[in-house]
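Residue numbers (the working numbering): 435 to 837.
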């Protein structure tokens with residue numbers, strides 16, 4: 435494939451490509467803060483930090499501007515809220531097989547502190563969350579339900595609004611991780627019906643790293659305030675100002691063509707590839723693996739051809755990917771600044787990588803055909819992994835030795 439100096443960025447899910455205006459704001463205020471200090475920059479940016487950014491976030495999330503808070507990232511906000519929840523040993527907490535490793539760490543910490551029970555919502559055969567199971571098993575002893583809108587390891591779009599309708603008449607806190615959804619999909623907290631929604635700036639919103647945000651419903655704010663409030667994890671002013679510009683750019687962008695189906699079709703056309711695409715509803719994140727080629731060399735070979743994708747590892751989604759035999763996979767993701775030509779260039783590059791890496795048959799002398807191999811089998815190290823049993827509590831799911 436030859437396309438001059440053109441670079442194709444298909445990694446918005448990992449790190450979005452910052453627009454020039456966003457980069458300029460980040461650079462300007464970082465230099466200002468370096469010269470005059472953080473207090474002076476915060477004073478100069480007071481209106482942005484305390485009004486403008488929250489108005490833009492409110493418009494993005496369908497929330498009142500007074501119900502949004504800034505943080506250093508989605509996972510940090512989730513962990514901070516969970517550290518203040520007044521749960522007890524009789525409470526149940528639900529999560530899903532698509533939960534992120536960071537959020538699982540916060541949930542385990544919650545269980546260690548409160549002795550609550552953690553349960554995994556089972557999946558249907560097609561990979562969708564089992565909403566019938568949720569409707570049948572919900573009760574007032576369920577204190578928290580944590581759902582990932584779009585997981586890191588695959589492109590399924592979980593039905594967060596339908597889940598909200600199941601939970602609406604119950605006392606549980608409904609938390610949605612929108613890190614990989616906001617910026618590529620419509621996100622409306624009123625339609626979803628959640629009390630906590632967290633997101634990151636540096637993915638599809640194309641803002642800077644180490645800055646995120648959360649929607650916190652008024653009742654949840656009161657609950658947290660009674661227990662000392664949420665521990666602050668406030669990003670620096672320069673990054674918040676840059677995100678503010680990124681939100682303005684996002685709001686002004688024209689609606690874009692959904693290139694996800696074309697991206698999935700491009701992968702399926704390449705021999706030896708397997709899509710990791712559970713469920714019936716997919717987004718602009720496409721994850722796949724090759725039957726013979728590890729993800730890391732595929733990513734590097736694509737980068738050499740001017741196509742930026744990413745390698746995802748199973749432990750980013752530890753309750754889903756390892757149980758499906760996935761260790762590493764390639765993840766490509768499209769944004770509104772991508773075009774159909776970008777997808778075509780990716781398809782050509784991926785086919786080139788697979789074709790060039792295909793091993794050529796080496797003639798073996800006939801006399802060697804009956805000679806046993808001189809190589810002994812290497813004894814692998816035994817590892818421990820979390821075995822998922824859907825619908826059971828984690829208290830009863832042991833860590834079993836794996837191969």
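For every residue, glycine included, the Cβ atom is placed at its ideal position computed from N, Cα and C.
Residues of the same chain with a CB within less than 8 Å of the CB of residue 541, apart from the 5 flanking positions on each side, are 516, 527, 529, 533, 552 and 580 in chain order. By the C-beta criterion, the region 691-701 is judged not to be in contact with the region 554-570, since fewer than 3 inter-stretch pairs fall below 8 Å. Residue 687 sits close to residue 770, with the two beta carbons spaced by under 8 Å. The C-beta distance from residue 512 to residue 575 rounds to 22 Å, too long to meet the 8 Å contact threshold. A check of alpha carbon separations from residue 518 across 660, 550, 730 and 667 identifies 660 as the nearest.
Around the CB of residue 679, 16 or more other CB atoms lie within 10 Å, so the residue is classed as buried. Using a Cβ distance threshold of 8 Å, residue 765 and residue 743 count as a contacting pair.
If you keep only unbroken alpha helix (DSSP H) runs of at least 4 residues inside the region 507-558, you get 508-516 and 535-548. DSSP, read as helix, strand or coil, puts residue 487 in helix. Note on geometry: alpha-carbon atoms of residue 560 and residue 712 lie some 6 Å from one another.
Beta-bridge partners of residue 744 (DSSP): 765. Secondary structure within the region 579-665: the alpha helix (DSSP H) runs of 4 or more consecutive residues, fully enclosed, are 594-601, 623-626 and 652-659 (chain order). Put simply, of 476, 485, 522 and 567 the residue whose alpha carbon is nearest the alpha carbon of residue 546 is 522.
Residue 708 carries a strand assignment under DSSP once its states are collapsed to helix, strand and coil. Boundaries of the beta strand (DSSP E) around residue 723: 719-724. Selection 741, 602, 588 and 456 evaluated against residue 722 yields 588 as nearest (Cα-Cα). For residue 502, there is no enclosing alpha helix (DSSP H); the enclosing beta strand (DSSP E) has its first and last residue at 502-505. At a Cβ-Cβ threshold of 8 Å, residue 536 and residue 509 count as neighbours. Closest in alpha carbon position to residue 463, among 783, 676 and 701, is 676. Rounded to the nearest whole angstrom, the C-alpha separation of residue 468 and residue 726 is 49 Å. Residue 691: not part of any alpha helix (DSSP H); DSSP gives it neither H nor E.
For residue 734, the enclosing alpha helix (DSSP H) starts and ends at 729-738.
The beta carbon of residue 489 sits closer than 7 Å to those of 499, all from its chain and outside the five residues before and after it, given in chain order.
It is roughly 49 Å from the alpha-carbon of residue 578 to the alpha-carbon of residue 792. Sequence-distant partners of residue 506 (beyond 5 residues in either direction) whose C-beta falls short of 6 Å from its own C-beta, in its chain, are 644, 667 and 669.
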